[in-house]
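J.: I'd like to ask you about the structure that follows.
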Amino acid sequence: MAFFDQYSAAWLIGLVLALLATGLVAGTLAGLLGVGGGIVIVPVLFHLFTLLGIDESVRMHVAVGTSLATIIPTSIMSARAHR
19 MAFFDQYSAA WLIGLVLALL ATGLVAGTLA GLLGVGGGIV IVPVLFHLFT LLGIDESVRM
79 HVAVGTSLAT IIPTSIMSAR AHR
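Position 68, counted from 1, in the sequence shown is what my numbering calls 86; the numbers after and before it change by one each time, with no gaps.
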């Protein structure tokens with residue numbers, strides 16, 4: 019876990035809380051307004067990857083890919099439930 023050794027416990031706890039709050043906001047917007055959660059998640063992931071030091075040339079691609087990777091399982095489960 020060398021990756022996590024470079025960050026303090028307080029920083030990691032703050033990060034987890036920020037991500038949980040972002041998920042709550044994204045889910046609320048998706049449920050109430052019918053907009054995709056990606057409208058909130060992708061910019062947050064972009065800034066998170068900035069903090070983590072991901073190379074600027076691939077940062078947005080990684081944020082969009084990560085958002086897509088979280089949407090696919092949810093979409094599959096929803097499609098199976100409404101079949």
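Every residue gets a Cβ at the ideal spot worked out from N, C-alpha and C, and that includes glycine.
Where does R101 sit, in a helix, a strand or coil, going by DSSP?
T.: coil
J.: Report the residue from H65, L35, R98 and V43 whose alpha carbon sits nearest the alpha carbon of G55.
T.: V43
J.: Specify the secondary structure class of S75 as computed by DSSP and reduced to three states.
T.: The three-state secondary structure of S75, taken from DSSP, is coil.
J.: Straight-line CA distance for L51 to G45?
T.: 10 Å
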